[in-house]
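Student: Throughout, my numbering is defined as the position within the sequence shown, counted from one, plus 2.
In this text, a Cβ means the ideal position worked out from N, Cα and C, and glycines have one as well.
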Amino acid sequence: MRPFEYADSKIGGKELVYIIASMSIGVGILTLPRLVATHTKTFDGWISILAAGLFFMFFGWLLAKVVSTFSQKNFFEYCSLLLTKPIAFCLTIILALTFLFTCSLEARVVANISKLYMFDRTPIEAVTLVFILVVVYAVMGTRIALLRLNMMFLPIVLGVTLLVQGFNIPLFEIDSLRPTFTTPLVGYWRAAQETVFSYIGYVVILVYISLMKNPKDAPKMTILGIGIPIVLYLIIFAVAVGVFGNMATAQITYPTIEIAKEIQAPGGFLERFESIFFTVWIMTIFNTASMALDIVVHLLKSIFSIKKNTLIFILSPLVFLISITPENTNQIQMLGKVIAGIGLFYGVILAVLLYIVQRIKGVHVDAEN
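#1: Using only alpha-carbon positions, find the residue among Y204, G338 and L323 that is nearest to F61.
#2: Would you check if there are 3 or more beta carbon pairs closer than 8 Å linking the segment 45-58 to the segment 222-236?
#3: Within 10 Å of its beta-carbon, does C81 have 16 or more other beta-carbons around it, so buried, or fewer, so exposed?
#4: In this structure, what does DSSP give as the bridge partners for I13?
#5: Output the boundary residues of the alpha helix (DSSP H) element that contains L173.
#6: List the endpoints of the continuous alpha helix (DSSP H) containing E276.
#7: Which class does Y80 belong to by DSSP, given the choice of helix, strand or coil?
#8: State the Cα-Cα distance for the pair P5 and G143, rounded to the nearest angstrom.
#9: Straight-line CA distance for L84 to T327?
#10: The alpha helix (DSSP H) with G62 in it runs from where to where?
#11: Buried or exposed for D122, please, with buried defined as at least 16 other CB atoms from any protein chain shown within 10 angstroms of its CB.
#12: To which residues of the same chain is I341 closer than 7 Å at the C-beta, ignoring the five residues directly before and after it?
#13: Taking P36 as part of the alpha helix (DSSP H), name the residues at either end of that continuous run.
#14: Put K75 into one of helix, strand or coil per three-state DSSP.
#15: What's the C-alpha gap between L151 and T185?
#16: Taking T130 as part of the alpha helix (DSSP H), name the residues at either end of that continuous run.
#17: With distance defined between alpha-carbon atoms, name the residue in P181, I21, L352 and T286 nearest to T42.
#18: I need the DSSP call for T184, collapsed to helix, strand or coil.
#19: Given a cut-off of 8 Å, decide if L34 and T281 are closer than it, judged by their beta-carbon atoms.
#20: Between E79, R145 and F78, which has its C-alpha nearest I21's C-alpha?
#21: Can you grab the Cα-Cα spacing for the pair L301 / K117, in whole Å?
#22: Check each candidate in I202, I237 and A242 and name the one with the smallest Cα separation from I225.
#23: Spatial neighbours of G227 within its chain, please: CB distance less than 8 Å, with the 5 preceding and 5 following residues excluded, ordered by chain position.
#24: Determine the contact status of G244 and L179, defining contact as a CB-CB distance below 8 Å.
#25: Does the structure place the segment 321-335 close enough to the segment 126-139 that three or more beta carbon pairs sit under 8 Å?
#26: Looking at the structure shown, is I334 part of a helix, part of a strand, or coil, going by DSSP?
#27: Please tell me whether R110 and I334 are closer than 8 Å, where the distance is taken between their beta carbons.
#28: For M223, which three-state DSSP category applies?
#29: If you drop the 5 nearest sequence neighbours on each side, which residues of the same chain put their C-beta closer than 6 Å to that of T286?
#30: Return helix, strand or coil for Y450, following the three-state DSSP convention.
#31: For a test of the three-state rule: what should DSSP assign to E329, helix, strand or coil?
#32: Between I254 and the rest of its own chain, which residues show a CB-CB distance below 7 Å, the 5 nearest in sequence each way excluded?
#33: In angstroms, rounded to a whole number, what distance separates the CA positions of T312 and L93?
#34: Would you kindly work out how many angstroms separate the C-alpha atoms of L346 and Q195, rounded to a whole number?
#35: Helix, strand or coil for E196? Go by DSSP, reduced to three states.
#36: Quick one, which of F275, F288, E175 and I96 has its alpha-carbon nearest A240's?
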């Protein structure tokens with residue numbers, strides 16, 4: 003069956019906002035309250051979340067500012083103009099591998115949480131395989147259709163998430179947020195480092211700005227796209243600490259899901275709400291994994307003359323093998339930190355480097371040399 007072809011092959015600014023927000027949220031938000039609470043006291047973690055968010059918002063704006071001037075060129079092409087082809091080739095390969103591992107990580111986390119909360123007798127490998135097959139099916143369609151799924155899924159996920167936080171208001175203890183500003187500076191710094199994986203999703207603009215109708219809107223839309231996760235993270239962290247307390251939050255593996263588990267309704271209505279919540283959350287994880295695999299295909303196609311479907315069939319087994327390789331939660335978290343570190347390079351260091359080189363060379367969208 004042939005995929006449906008959209009009459010337009012471009013995305014608007016609003017769609018870029020949804021893309022950045024979906025890519026940033028992913029699975030990182032499920033563990034973010036625990037990671038931040040581990041290094042801070044009471045509710046002090048909000049400072050680290052906000053400071054890190056504003057930090058990445060600035061560099062996201064800077065990166066979008068540079069990339070938007072090369073709207074007709076892909077990542078490999080504009081990096082070749084600014085940094086030479088050999089360097090551009092290496093950067094493209096590393097970025098492709100990073101998103102390949104990101105897709106694998108998303109699939110593995112989905113399998114782990116599914117086994118913990120829903121399919122306790124189902125092998126992790128089986129859940130992982132099913133999820134990857136769905137992702138592969140989505141990526142084999144048109145890119146525009148895939149990207150526009152964010153506009154359908156993200157509002158649902160955000161709505162359900164905010165509803166969950168609202169249901170927990172009766173359990174909220176304001177005293178759990180006090181006293182404030184008792185965390186040492188090193189604690190704020192370490193907590194901010196833990197948020198990198200949850201913010202670095204904006205690097206998708208390295209690839210997707212080339213699909214925009216009006217690339218000049220990219221910097222502003224990038225700020226909005228990063229702003230959504232900032233607000234969401236602050237709300238979820240506040241509710242987690244208010245309901246569980248800082249010490250308990252630091253010990254819970256997936257505080258965001260446990261918040262949904264605390265919901266109590268008369269007559270057993272909404273029983274096992276954490277399963278419902280996670281099922282809805284899979285929509286965002288699906289979007290994140292699908293876009294990650296789509297970016298890998300796009301990057302490799304820009305340097306190798308290989309058909310899209312051929313690349314997908316080659317990459318799919320690799321995604322599965324990588325996803326089942328980690329033996330425990332610690333190894334999964336280590337993989338996440340490696341991805342975050344590489345993402346930090348592309349989202350911050352490369353943004354500054356491209357900006358400086360562009361200013362020195364005076365290279366812009368119409369340049370050929």
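Tutor: Working from what's here:
#1: Y204
#2: yes
#3: buried
#4: M214
#5: Unbroken run through L173: none, as it is neither H nor E.
#6: F275 to I305
#7: helix
#8: Note that P5 has pLDDT 49, beneath the 50 cutoff, so the model's placement of it is unreliable and the number below is only indicative. Their backbone Cα atoms lie some 6 Å apart in a straight line.
#9: 37 Å
#10: G47 to V69
#11: exposed
#12: T100, F103, T104, L107 and F199
#13: Correcting the residue type first, residue 36 is Arg in the shown sequence and not Pro. First-last of the alpha helix (DSSP H) with R36: G30 to H41.
#14: When secondary structure is reduced to three states using DSSP, K75 falls in the coil class, being assigned neither helix nor strand.
#15: 41 Å
#16: Per DSSP, the continuous alpha helix (DSSP H) segment holding T130 begins and ends at I126 to V141.
#17: P181
#18: Three-state DSSP puts T184 in coil, outside helix and strand.
#19: no
#20: R145
#21: Roughly 33 Å separates the two Cα atoms.
#22: I202
#23: L18, V19, Y20, I21, I22, A23, S26, G62 and Y204
#24: yes
#25: Yes: at least three Cβ pairs fall under 8 Å.
#26: helix
#27: yes
#28: helix
#29: S24, I27 and V159
#30: With the chain covering 3 to 371 only, the question about residue 450 has no answer from this structure.
#31: The three-state reading of DSSP puts E329 in coil, since its state is none of H, G, I, E or B.
#32: R36, F246 and E260
#33: 22 Å
#34: 10 Å
#35: E196 falls in the helix class under three-state DSSP.
#36: E175
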